[in-house]
Amino acid sequence: MAYKQEISRKNRTCFLFVLDHSGSMNDPWSASASAKKADGVAEILNKTLRQLCLRCAKGAEPPRDYFDMGVIAYRDSNVESALGGKLKGQMLVPVNEFMRNPLRVVERKEAGGQTVKFPIWADPVCSGKTPMCQALKQVRDLIETWIRTPGHIDSYPPTVVHITDGEATDNDPATGSSPMKWAEEIRALSTKDGNVLLFNCHISSAAGAVALFPSGQEELADEWAQLLFSMSSVLPDNLVYEVRNEGLQVGPQPRGFGFNAGFEQLVKFLDIGTRGSSIGARTAST
Amino acid sequence: MFLIVLWLTVGLLLSLALVHWFTVRIFRLWVQRGGGVRDGVIRVSGISAIPRELPAKSSSDVVLDSIGLNARCIHYSVPKELSTTEENADAIEYNLENQRFAIADGVSGSFFAKEWARLLVRSFTERNVCPANLRDWTRLRCKEWREHIDWEELEKNPEIWWAEEMKRNGAASTLLGFVVEKVPLSRPTSYRWNALAVGDSCLFQVRDGDLVHAFPIDRFERFSNTPWVLCSVEELNLDAAMTQWTEGDCRSGDVFLLATDALAKWFIERKDAGGKPWVELLSLDSEKDFQRFVLDLRARGLVRDDDTTLGIVKLGEATKAGSPMGHRGNTESRTV
Numbered sequence: 360m361a362y363k364q365e366i367s368r369k370n371r372t373c374f375l376f377v378l379d380h381s382g383s384m385n386d387p388w389s390a391s392a393s394a395k396k397a398d399g400v401a402e403i404l405n406k407t408l409r410q411l412c413l414r415c416a417k418g419a420e421p422p423r424d425y426f427d428m429g430v431i432a433y434r435d436s437n438v439e440s441a442l443g444g445k446l447k448g449q450m451l452v453p454v455n456e457f458m459r460n461p462l463r464v465v466e467r468k469e470a471g472g473q474t475v476k477f478p479i480w481a482d483p484v485c486s487g488k489t490p491m492c493q494a495l496k497q498v499r500d501l502i503e504t505w506i507r508t509p510g511h512i513d514s515y516p517p518t519v520v521h522i523t524d525g526e527a528t529d530n531d532p533a534t535g536s537s538p539m540k541w542a543e544e545i546r547a548l549s550t551k552d553g554n555v556l557l558f559n560c561h562i563s564s565a566a567g568a569v570a571l572f573p574s575g576q577e578e579l580a581d582e583w584a585q586l587l588f589s590m591s592s593v594l595p596d597n598l599v600y601e602v603r604n605e606g607l608q609v610g611p612q613p614r615g616f617g618f619n620a621g622f623e624q625l626v627k628f629l630d631i632g633t634r635g636s637s638i639g640a641r642t643a644s645t
Numbered sequence: 009m010f011l012i013v014l015w016l017t018v019g020l021l022l023s024l025a026l027v028h029w030f031t032v033r034i035f036r037l038w039v040q041r042g043g044g045v046r047d048g049v050i051r052v053s054g055i056s057a058i059p060r061e062l063p064a065k066s067s068s069d070v071v072l073d074s075i076g077l078n079a080r081c082i083h084y085s086v087p088k089e090l091s092t093t094e095e096n097a098d099a100i101e102y103n104l105e106n107q108r109f110a111i112a113d114g115v116s117g118s119f120f121a122k123e124w125a126r127l128l129v130r131s132f133t134e135r136n137v138c139p140a141n142l143r144d145w146t147r148l149r150c151k152e153w154r155e156h157i158d159w160e161e162l163e164k165n166p167e168i169w170w171a172e173e174m175k176r177n178g179a180a181s182t183l184l185g186f187v188v189e190k191v192p193l194s195r196p197t198s199y200r201w202n203a204l205a206v207g208d209s210c211l212f213q214v215r216d217g218d219l220v221h222a223f224p225i226d227r228f229e230r231f232s233n234t235p236w237v238l239c240s241v242e243e244l245n246l247d248a249a250m251t252q253w254t255e256g257d258c259r260s261g262d263v264f265l266l267a268t269d270a271l272a273k274w275f276i277e278r279k280d281a282g283g284k285p286w287v288e289l290l291s292l293d294s295e296k297d298f299q300r301f302v303l304d305l306r307a308r309g310l311v312r313d314d315d316t317t318l319g320i321v322k323l324g325e326a327t328k329a330g331s332p333m334g335h336r337g338n339t340e341s342r343t344v
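Heads up: the protein sequence lines correspond to chains A and B, in order. Under our numbering, the first residue of the first sequence is numbered 360, with each subsequent residue one higher. Under our numbering, the first residue of the second sequence is numbered 9, with each subsequent residue one higher.
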């Protein structure tokens, strides 16, 4: 049975976030929101990274290295780590090191009036074209190398979360290079616990019904949304359980895809997408 | 003049002797409190190395109005792979003076979980806990947990941006505790035990080679991926309905096994399949034996890789009237 491996120091897993930093991400998210798409995505990305990190903290002792984490971004003709500061240039970092070295930590007031420390790992720096194929190819290589690293073959499979607002500009029919081809190669990679999970989140300024973990692409009017849907992994049973636990209605064989996901939906999507199997032990019941 | 000098010298020597005796006594108690053994009372190292309160006297000085039962207690624990003994979030404690025994399993996804688990078992074995006072007892434990951690120090550390989260979300742990009591005015003398459980750490009562009671879980399908737990932040605890209580009779010769969930699941699964897992566990006679046993189960995929703890409490006749319920020589124990 797949996707059952416990996430632990003995069997650490990998979470890789892939961000579209092309120029169009500077556009507003929707007619009603003044925030840029890139700012909204960065905000939620950093929140999600923060939640992931907290799952590794125990107390006064150092956080446990339950997984390796990375954030890469693509724009123009570049695909590079989006991390800064002490982590600058690093593609995958053990979570203990990741936690201790955000780019900066800001203080924010929460709804209840409490001040919390909010670490920032990646800032949105968007411009130029969309080298999605190049990025996904690099992700394929990175994940393949990670799987082949001694000690990883028994792990819960890596999870890749790709967030984009549009189409690739580096398709090459001559070589067969396309986002679908690289997505299929990423999803073909596997550990003994199952295939690599590739989730796609399509951030679109265009009107259209919000879709989260759809089972089919019939409701998706946008052809690029349909493509990204097809590129996405089917959710494994344990994540379907989490999705239903969140109160979301999903059909059979839902895919790890979100279309026109607003801020809240994106948080849910990423939170669920990164729950994986049990981390450390079991979660407390509250 | 000579007499004055003599008097002062004798007085000084007596004072020095008194100071020496007092200092050594305190030092011994401090060392024992930090993780050693005090007749029948296993002190699992707490959040503070130096206790907040010093016990009035050790159990070896107490001649009890014995309930007529003796107890031999032993426990073993194996941390999960790649974890150290110090990282082991299971806790177990027994207090033979009070005839109280407890085991707890700190949830590793929570913060300062092992400290919380240790605090719970220590407190359970020191104080009476019943449905009527459970809420207050829990509230006081939450306060104790909060006060024992140096939050200010943590918040000062620039690398630890998550200190506030730890304080707000706190720790979680299961708890299984039981008490043995003499039935008042019973002729012939009879005994009962009662227990509380939050979560899936389990108690098994064995009599004459058979399992007579499994609590709180007696069938494998009743284990859950999200068991109930006690939280160290009061607001996160739901109402008392999540606590289970039970009771039963006991007598000399009975054996109680306490197990955290990894071992408890194996036990129940074996039992459901018609086996006698208690026989296997009671045949282990050293920590090394237990380690080998657990590592073998893990290698065969029969138990999850998790902190694994077993406590064994064997009831027997008291050796003489008025003797403490277990004393040095009858009790073997180790600190988790």
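Virtual Cβ for every residue (Gly too), placed ideally from N, Cα, C. Note that the structure is a prediction, hence the values are computed from the model and not measured.
- Counting along the chain, the unbroken alpha helix (DSSP H) around L587/A starts and ends at E582 to M590.
- When 8 angstroms is used as the limit between beta carbons, D313/B is near these residues of chain A: E365, S367 and K369, in chain order.
- For M590/A, the CB contacts under 7 angstroms within the same chain, skipping 5 residues up- and downstream, are P538, M539, A542, L557 and N559 in chain order.
- Cβ neighbours of V311/B within its own chain (closer than 8 angstroms, five residues either side excluded): A270, L271, K273, W274, V302 and L305.
- Residue environment analysis places S393/A among the exposed positions, since fewer than 16 neighbouring C-beta atoms fall within 10 angstroms of its C-beta.
- When the beta-carbon positions are compared, D552/A and Y362/A come within less than 8 angstroms of each other.
- With a threshold of 8 angstroms between beta carbons, W274/B makes no contact with chain A.
- Leaving aside the five residues that flank V438/A on each side, the residues in its chain whose CB is nearer than 8 angstroms to its CB run, in chain order, I431, A432, P490, Q493, A494 and Q497.
- The stretch 218-237 of chain B and the stretch 248-264 of chain B touch, with no fewer than 3 CB-CB distances between them shorter than 8 angstroms.
- DSSP links Y102/B through a beta bridge to F109/B.
- P478/A: member of the beta strand (DSSP E) spanning T474 to I479, first to last residue.
- Between A110/B and G185/B, the beta carbon gap of about 4 angstroms places them in contact (Cβ cut-off 8 angstroms).
- Here DSSP, grouped into helix, strand and coil, assigns F457/A to helix.
- Taking a Cβ-Cβ cut-off of 7 angstroms, the neighbours of A416/A in chain B comprise F119, W170 and M174, given in sequence order.
- Close partners of E155/B in chain A (Cβ separation under 9 angstroms) are lacking, with about 15 angstroms as the shortest Cβ gap.
- Bridge partners of M9/B according to DSSP: none are assigned.
- About 14 angstroms separates the CB atoms of W201/B and G261/B; that is not less than 8 angstroms, and the two are not in contact.
- Here DSSP, grouped into helix, strand and coil, assigns R227/B to coil.
- Three or more beta-carbon pairs separated by less than 8 angstroms are not found between the stretch 506-517 of chain A and the stretch 462-478 of chain A, which leaves the two stretches without contact.
- The three-state reading of DSSP puts A394/A in coil, since its state is none of H, G, I, E or B.
- Here L14/B is exposed. Its C-beta has fewer than 16 other C-beta atoms within 10 Å.
- Rounded to whole angstroms, the separation of the alpha carbons of V187/B and K445/A is 55 angstroms.
- Residues of chain B whose Cβ lies closer than 9 angstroms to the Cβ of A470/A do not exist, since the nearest Cβ in that chain is about 13 angstroms away.
- Here the C-alpha atom of T93/B lies approximately 14 angstroms from the C-alpha atom of D113/B.
- When the Cα atoms are used, V137/B and A203/B turn out to be separated by approximately 10 angstroms.
- Three or more pairs of CB atoms, one per stretch, sit closer than 8 angstroms, so the stretch 594-607 of chain A contacts the stretch 571-578 of chain A.
- No Cβ-Cβ contact shorter than 8 angstroms links E95/B with R130/B.
- Among the residues facing chain A, E229/B is not included, as its CB has no counterpart in that chain under 8 angstroms away.
- Within chain A, the residues whose beta carbon sits less than 8 angstroms from that of L162/B are A419, listed in sequence order.
- Annotated as distal: L378/A and A419/A, with beta-carbon spacing of 8 angstroms or more.
- In the structure shown, P285/B falls within a helical segment according to DSSP collapsed to helix, strand and coil.
- When CB distances to chain A are screened at a threshold of 9 angstroms, the residues of the stretch 75-105 of chain B falling below it are K88, E89, L90, S91, E94, E95 and A97, in chain order.
- Taking C-beta separations shorter than 7 angstroms and ignoring five residues to either side along the sequence, the partners of R368/A in its chain run R423, D424 and Y425, following chain order.
- At least one C-beta of chain A is nearer than 8 angstroms to the C-beta of E123/B.
- For R108/B, same chain residues with a beta-carbon under 6 angstroms away, outside a window of 5 residues either side, are T133 and V187 in chain order.
- Distance from the CA of G615/A to the CA of G606/A, rounded to the nearest whole angstrom, comes to 16 angstroms.
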